[in-house]
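Here the structure is laid out as structure tokens; the discussion comes afterwards.
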Amino acid sequence: MDFLQIQGGAKLSGEVSISGAKNAALPIIASTILAKNEVEILNVPNVVDINTLVALLCNLGAQGQLKNNFLTLNTQEINSTKATYDIVRKMRASILVLGPLLARFKECAVSLPGGCAIGARPIDLHLSALEKMGAHISIQGGYVSASAKDGLKGAEIIFDKITVTGSENIIMAAALARGKTRILNAAKEPEVVQICEILADCGVEINGIGTSEINITGTDGELLQMPQISVIPDRIEAGTYLCAAAISASQITLKNTKKEHLRAVLDKLSDMGVKCECEGSDIKVLPASSLKPVNIITTEYPGFPTDMQAQFMALACVADGTSVIEERLFENRFMHASELARMGADIKLNAHIATITGTKLEGADVMATDLRASSALVIAALAARGVSNIHRIYHLDRGYENLEQKLSSLGANIKRLKENA
0 MDFLQIQGGA KLSGEVSISG AKNAALPIIA STILAKNEVE ILNVPNVVDI
50 NTLVALLCNL GAQGQLKNNF LTLNTQEINS TKATYDIVRK MRASILVLGP
100 LLARFKECAV SLPGGCAIGA RPIDLHLSAL EKMGAHISIQ GGYVSASAKD
150 GLKGAEIIFD KITVTGSENI IMAAALARGK TRILNAAKEP EVVQICEILA
200 DCGVEINGIG TSEINITGTD GELLQMPQIS VIPDRIEAGT YLCAAAISAS
250 QITLKNTKKE HLRAVLDKLS DMGVKCECEG SDIKVLPASS LKPVNIITTE
300 YPGFPTDMQA QFMALACVAD GTSVIEERLF ENRFMHASEL ARMGADIKLN
350 AHIATITGTK LEGADVMATD LRASSALVIA ALAARGVSNI HRIYHLDRGY
400 ENLEQKLSSL GANIKRLKEN A
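Residue numbers (numbering that gives the first Met the number 0): 0 to 420.
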């Protein structure tokens, strides 16, 4: 197992290219189950979660190859509709194959998913929506078994709470359903918008893209002719590098970004005294002499993303004053706080609210607990005095492409090393 060793205090400079969004690529890959042709996908990040989902599809009989961020997938030879535990357990987003498999093959079995342990993220919203579309669903032996002998039919779906993967699953299922599906309280994240736009490009009638009400007229089982696709830039990776520059008082330029997807993050950086200049797909971060405290409430897009909460907590640890972060989307998503405290951070937790008083950080041995928490520890280590060792970085590898190489190219003193046996 690997760990990262970071010597804090280095200034960053130069340019970093932002990879394609993992959270956009995953539903796109799942949607190829609906295609009647080989699909080409550009700007695909080479991270563990992507390779896991490609392996899952290949395990079902599909053919896929990822090389130089270019993925080709052919799902026409799928000969199994059982997504097995040995692959699904590695990643919660594997549940995204449920809707497409059921829509195309009228039956499937998908193991209950794994992934980051950051609280309950139940799939009941996915299942109840599919039941409204005519599916018969049971959970037995750790598998979700679903069938719709006459195919899925359009229905009105009202999500009790906003769910990104739930919205994506039902959007994909509705694309092949019979009749019209109306989704209310749909997620509006850019990743959801992209999967809608792709399906619309395939000829599926979709209205309300980017709003909380999406109307889809399905093809009644007719498979889709999919065009070449390019994955949107990763707004969370971009936000992570913005925070890395901010905490190290550095000037760097991010390439291949979409600033319109980063408005909430850029707004909070501005509140902390960090100036960013946006030009085209570039964002230049200017060094701040000090960081101001900030108040953050996580919420659904276009609000402040929960996936940036941990990184901003790292910034707050060295700000001049007291910051308050309220996590409204997930429970147990402050597990990084105790690890930051090992570096000297002053953090007080009260249920879903964290109060952080800025101080100096010291290098320490810390342990990553989930994907975004691990990036927060990297950010904190950049500002800490001395050496930090970040363990269990397999979490990082799930969602960040070439993190240590990119940071090293910017001037960070960072090395990937092997743990002692």
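Glycine included, each C-beta is placed from N, C-alpha and C at the ideal position.
- The three-state secondary structure of I17, taken from DSSP, is coil.
- DSSP lists no bridge partner for M342.
- Annotation: the region 95 to 181 contains the following complete segments of the beta strand (DSSP E) (minimum length 3 residues), in chain order: 106 to 110, 135 to 139, 142 to 146, 155 to 157.
- Using a Cβ-Cβ distance cut-off of 8 Å, the region 346 to 355 and the region 281 to 291 are not in contact, since fewer than three pairs of beta carbons, one from each stretch, lie closer than that value.
- Taking C-beta atoms as the reference points, I156 and I197 fail to come closer than 8 Å.
- Around the Cβ of Y240, a 10 Å sphere holds 16 or more other Cβ atoms; the residue is buried.
- Scanning its chain for C-beta atoms nearer than 7 Å, with the 5 sequence neighbours on each side dropped, one finds around G385 the residues G7, E361, G362, in chain order.
- Where H394 is concerned, the enclosing alpha helix (DSSP H) starts and stops at 393 to 398.
- The way I'd put it, the region 18 to 34 doesn't touch the region 389 to 396; fewer than three beta-carbon pairs between them come closer than 8 Å.
- Annotation for P26: L95, E167, I194 place their beta carbon closer than 6 Å to its own, counting only its chain and skipping 5 residues before and after.
- CA-CA distance, A185 to E212, rounds to 6 Å.
- In the pairwise beta carbon analysis, the region 34 to 51 is classified as touching the region 228 to 240: at least three pairs are separated by under 8 Å.
- Judged by their CB atoms, R88 and S110 are nearer to each other than the 8 Å cut-off.
- As for any beta strand (DSSP E) of minimum length 3 sitting wholly inside the region 271 to 295, the runs are 275 to 278, 281 to 284, ordered along the chain.
- Judged by DSSP in its simplified three-state form, H390 adopts strand.
- Ranked by how close their Cα comes to the Cα of P304, the residues S144, N58, F329, I28 have F329 in first place.
- Short of 6 Å from the beta carbon of A145, and not among the five residues preceding or following it, lie these beta carbons of its own chain, in chain order: L101, C107, A134, I136.
- Rounded to whole angstroms, the separation of the alpha carbons of E299 and T162 is 9 Å.
- The three-state secondary structure of L253, taken from DSSP, is strand.
- For the pair L129 and A174, the CB atoms are not nearer than the 8 Å cut-off.
- Note: S322 is bridge-paired with I355 in the DSSP secondary-structure output.
- Annotated three-state conformation of G238 is helix, per DSSP.
- Just so you know, the alpha carbons of A147 and K105 end up roughly 5 Å apart.
- In the three-state DSSP reduction, N50 falls in the helix class (H, G or I).
- When secondary structure is reduced to three states using DSSP, I28 falls in the helix class.
- Residues R234, A237, G238 of the same chain have their beta carbon placed closer than 7 Å to that of L261, with the five preceding and five following residues left out of the count.
- Excluding sequence positions up to five before and after N73, its CB lies within less than 7 Å of the CB of E37, A61, Q62, all in the same chain and listed in chain order.
- Note that the C-beta distance between L222 and G202 is not below 8 Å.
- In the DSSP annotation of this structure, E212 is not part of any alpha helix (DSSP H); the continuous beta strand (DSSP E) holding it starts and ends at 212 to 216.
- Annotation: A313 to T218 spans about 48 Å, alpha carbon to alpha carbon.
- Judged by DSSP in its simplified three-state form, L222 adopts coil rather than helix or strand.
- Counted as a single uninterrupted DSSP element, the alpha helix (DSSP H) harbouring E403 occupies residues 402 to 408.
- Distance from A367 to S373 at the Cβ level is roughly 3 Å; contact confirmed, criterion being Cβ atoms closer than 8 Å.
- The beta carbon of A245 is closer than 8 Å to those of L268, M271, V273, V284, A287, L290, L314 in its chain, skipping five residues each way along the sequence.
- Inter-residue distance for D319 and L253 is about 26 Å (C-alpha atoms, whole angstroms).
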